[in-house]
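**Q**
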Amino acid sequence: MKIKQLLYAVLIFNFACYLTNTYAESIDQWTLPEGVIGRIGKGRASEVKYFPDGNRIAIACSIGVWIYDLQKDEIVNLLIGHTGPINSIDFSPDGKTLVTASDDNIAMSWDTDTGQHKASFIGHRDDVNDVSISSDGNILATASDDDTVRLWDLNTGEFITVLGGGHTDNIHALMFSPDGKVIISGSYRFGNTVCFWDVNATKLIRAVNDEEHGVVNVETVACLPTGSIFATGSRGKICIWDGRTGELIQNCKIESRLDSVYSLAFAPDGKTIASGLDNNSICIWDVSTTKLIKKLKTERTIVSVTYSPDGNTLISVRDDGTIQIRDVASGRKTKTIDDFTSNVYSVAYSHDGKTLVSGNFNSINFWDPITGEQRKTISGLFGRVESVKFTPDGKTLASGDAQYGRLWDVQSGKFLVSFAKHAGQIFDIAISTDGSMYATASLDHSVGIWETRKIQQSIIGVRLNKLSEHDDYAHAVDFSPDGSILVGGCNDNTVRVWDVKTGQLLNTLEAHNRGVYAIAFSPDGKTFASGGYDGSVRI
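Add 1132 to the 1-based position in the sequence shown for the numbering used here, that's all there is to it.
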């Protein structure tokens, strides 16, 4: 399960050009890529699973997988190797192997004792959203946004086959039955299909679409510890299925048909099933009667739930990455782990190199780039802060969130003004070299050009122009050094060039095969570069 983000939450920064001294190794220096000497934050948690022994948990994050010892109450390892966020994890039956699925289109296997990388499973053309291991520990199944389920030899890493033809859109979830004979997979968006596969024959048993049973946006699947009874969680529905035939057995009734089920987990005894919903609750159902036994209110949407091996404890992950541990019998929270809530959407260095700023969810953090110490936090923003930029004088910070472009006093962290407003997420902000103008790229398909003006004791933001020629959302902008030209990158695969003064469209460039997510001018203003989701950089 994964919420797609337009900018990978980069939490690893190379400070070599700013750092001349060395310091003792800490947990934040574990398994850093070559050339990187510091890490800020642990990333945002997306899924948690118990080790089979019940003493440790694996926490899938935007930067890797953290291994947490519940007995010692501490981090004991970090598995890092993917170049994208981790979407899902699964253990082999003997607990010796952990498999990860990532946005980098790859699945990987790891030795749980040593943390060493064992194999990479390469072949998907898009994000790998889920992984599942057969009960004999020999076969790995992977689900991807490329609309396919692939089977692999877990021990050798060799590709076996594709289970294709059942889905027509992104596959978000899959799982083996306990006997290893059946795989269930669920797709999202336009596909809205639940597929049941015969593993031995590698053929489709049945495909159930949304028109047949109203299954919309399948986010998660689960299976009874014994037998071939599966559950799927989707918008407004928890469905219980016979995996051998693909027949619907019964439904658990959700309060609202608009509420989405993001995670499901059967209790080890198979008598109950826990669900994490986007209505800020965890619901526990009786499997035999499908009646709601218990509803636990949470502060935010729950994206992952998992039972301990003994069934006495339930761990949940909120959509902000906070991990909460509950006693199942009482529903009482026994522990909260909030070290995995940081999800960085944008970063910027101060001009003197002494401060690093990160744009997070609903907040902006200021860090010491040498020690990794967090100096201060600005709260009160709305949604993802996809862009942070220092003004040329270094005294002001510009940020873009779900709708607004805002300015902040760097020294005090005081809010100054909302200089821009869009009808959707602001993905990028550019500031002219003289600091007189701001440009914003937005989900509402427009690029705005703005300035700030002082009126009496107040500062107001004024729109100078609105550039709306894009056919999709605008994702990147940059001014030429002299401020006369503005270049924008769009999700419609184009780069557009405007005259800043007149707002006239000067050129449309179609060099990329997918959306354009980054724009940067050379210092002399004679050339600019564009970076696309197709993996290419054009100059």
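Note that the Cβ used here is the ideal one computed from N, Cα and C, for glycine as well.
Grouping DSSP H, G and I as helix and E and B as strand, with all else coil, what is ASP1285?
**A** Three-state result, ASP1285: strand.
**Q** Near PRO1524, which residues of its chain fall below 6 Å by C-beta distance, leaving aside the five closest residues on each side in sequence?
**A** Within the same chain, PRO1524 has close Cβ partners GLY1567.
**Q** Taking C-alpha atoms, which residue in GLY1635, LYS1174, ARG1628 and LEU1638 lies nearest to ALA1661?
**A** For the residues GLY1635, LYS1174, ARG1628 and LEU1638, the minimum Cα distance to ALA1661 belongs to ARG1628.
**Q** Looking at C-alpha atoms only, which residue of PHE1559, VAL1632 and PRO1613 is the closest neighbour of TYR1649?
**A** Per the Cα distances, PHE1559.
**Q** To the nearest angstrom, how far is it from the Cα of SER1392 to the Cα of SER1440?
**A** Near 24 Å, if we compare the C-alpha coordinates of SER1440 and SER1392.
**Q** SER1395 to TRP1630, Cα distance in whole Å?
**A** Cα to Cα, SER1395 sits roughly 46 Å from TRP1630.
**Q** When DSSP builds the beta bridges, which residues end up paired with ASP1091?
**A** Because the chain is modelled from 1133 through 1671, residue 1091 falls outside the range shown and cannot be assessed.
**Q** May I ask you to report which of helix, strand or coil DSSP gives ASP1278?
**A** Here ASP1278 sits in coil by DSSP.
**Q** Please classify LYS1521 as buried or exposed, where buried requires at least 16 other C-beta atoms within 10 Å of its C-beta.
**A** By the neighbour-count rule (16 or more Cβ atoms within 10 Å), LYS1521 is buried.
**Q** Rounded C-beta distance between ASN1625 and GLY1647? I'm assuming under 8 Å.
**A** Contact flag correct, Cβ pair sits at about 6 Å.
**Q** Using CA coordinates, which residue listed in ASP1451, ALA1251 and ILE1372 is at the minimum distance from TRP1417?
**A** Of ASP1451, ALA1251 and ILE1372, the residue nearest in Cα terms is ILE1372.
**Q** Am I right that ASP1533 and LEU1548 are in contact with their C-beta atoms under 8 Å? What's the rounded C-beta distance?
**A** Their Cβ separation, rounded to whole angstroms, is 15 Å, which puts ASP1533 and LEU1548 out of contact at 8 Å.
**Q** Check this for me: beta carbons of ALA1239 and GLY1289, under 7 Å apart or not?
**A** Not a contact, by the Cβ cut-off of 7 Å.
**Q** Can you give me the Cβ contacts of ARG1188 inside the same chain, cut-off strictly under 7 Å, excluding the 5 residues immediately before and after it?
**A** Around ARG1188: ILE1199, TYR1200, ASP1201 and LEU1202.
**Q** Straight-line CA distance for SER1574 to HIS1554?
**A** Roughly 7 Å separates the two Cα atoms.
**Q** State yes or no: is the C-beta of SER1234 within less than 7 Å of the C-beta of ASP1258?
**A** No, Cβ-Cβ distance for SER1234 and ASP1258 is not below 7 Å.
**Q** Tell me which residue opens and which closes the beta strand (DSSP E) that ALA1606 is part of.
**A** Start and end: 1606–1611.
**Q** Under the DSSP definition of a beta bridge, which residues are partnered with MET1569?
**A** According to DSSP, MET1569 bridges with nothing at all.
**Q** Judging by CA-CA distance, which residue of THR1466, ASP1614 and GLU1518 is the nearest neighbour of SER1478?
**A** That would be GLU1518, whose Cα lies nearest to the Cα of SER1478.
**Q** Find the nearest neighbour of LEU1488 within the set GLU1505, LEU1641, ASN1383 and VAL1419, judged by alpha-carbon distance.
**A** When each option's Cα is compared against that of LEU1488, the closest is GLU1505.
**Q** HIS1483: which of ASN1492, GLY1515, THR1528 and ARG1507 sits nearest, CA to CA?
**A** Out of ASN1492, GLY1515, THR1528 and ARG1507, THR1528 has the C-alpha closest to the C-alpha of HIS1483.
**Q** Between SER1407 and TYR1570, what straight-line distance do the alpha-carbon atoms span, to the nearest angstrom?
**A** Rounded to the nearest angstrom, the two C-alpha atoms are 45 Å apart.
**Q** Give me the DSSP bridge partner(s) of VAL1627.
**A** Its beta-bridge partners are GLY1621 and LEU1641.
**Q** Note down, one range per segment and in chain order, each alpha helix (DSSP H) of at least 4 residues found wholly within the segment 1304–1387.
**A** Listed in chain order, the complete alpha helix (DSSP H) runs (minimum 4 residues) inside the segment 1304–1387 are 1342–1345.
**Q** Return the bridge partner residues of ILE1218 from the DSSP annotation.
**A** Per DSSP, SER1234.
**Q** What is the DSSP secondary structure of ILE1212, counted as helix, strand or coil?
**A** Note: ILE1212 maps to coil in three-state DSSP.
**Q** Which same chain residues end up closer than 6 Å to ASP1222 when comparing Cβ atoms and leaving out the 5 residues on each side of it in sequence?
**A** Closer than 6 Å at Cβ, skipping near neighbours: VAL1231, VAL1263, SER1264 and ILE1265.
**Q** Just the C-alpha distance for PHE1551 and SER1564, rounded to the nearest angstrom, thanks.
**A** Their Cα atoms are separated by approximately 15 Å.
**Q** Which of the three DSSP states, helix, strand or coil, is assigned to PHE1498?
**A** Residue state, collapsed to three classes: strand.
**Q** With a threshold of 7 Å on Cβ separation, who are the neighbours of ARG1432 within its own chain once the five nearest residues in sequence on each side are excluded?
**A** ASN1412, ARG1450, ASP1451 and ASP1452.
**Q** If CYS1622 sits next to ALA1606, beta carbons under 8 Å apart, how far is it from one beta carbon to the other, in whole angstroms?
**A** At roughly 5 Å, the Cβ-Cβ gap stays under 8 Å, so CYS1622 and ALA1606 are in contact.
**Q** Entirely within the segment 1403–1450 and at least 3 residues each: give me those beta strand (DSSP E) ranges in chain order.
**A** The qualifying runs are 1404–1409, 1413–1418, 1424–1429, 1434–1439 and 1445–1450.
**Q** State the Cα-Cα distance for the pair GLN1456 and THR1325, rounded to the nearest angstrom.
**A** The straight-line gap from Cα to Cα measures roughly 32 Å.
**Q** Would you call the segment 1292–1299 and the segment 1345–1359 touching, i.e. three or more CB-CB distances under 8 Å?
**A** With the cut-off at 8 Å, the segment 1292–1299 and the segment 1345–1359 do not touch.
**Q** Counting only runs that start and end within the segment 1517–1568, where is the beta strand (DSSP E) found for 3 or more residues in a row?
**A** As far as the segment 1517–1568 is concerned, its whole beta strand (DSSP E) runs of at least 3 residues are 1519–1522, 1528–1532, 1536–1541, 1547–1553 and 1558–1563.
**Q** Return yes when the Cβ of ASN1597 is within less than 7 Å of the Cβ of ILE1581, no when it is not.
**A** Yes, the pair counts as a contact, with Cβ atoms nearer than the cut-off.
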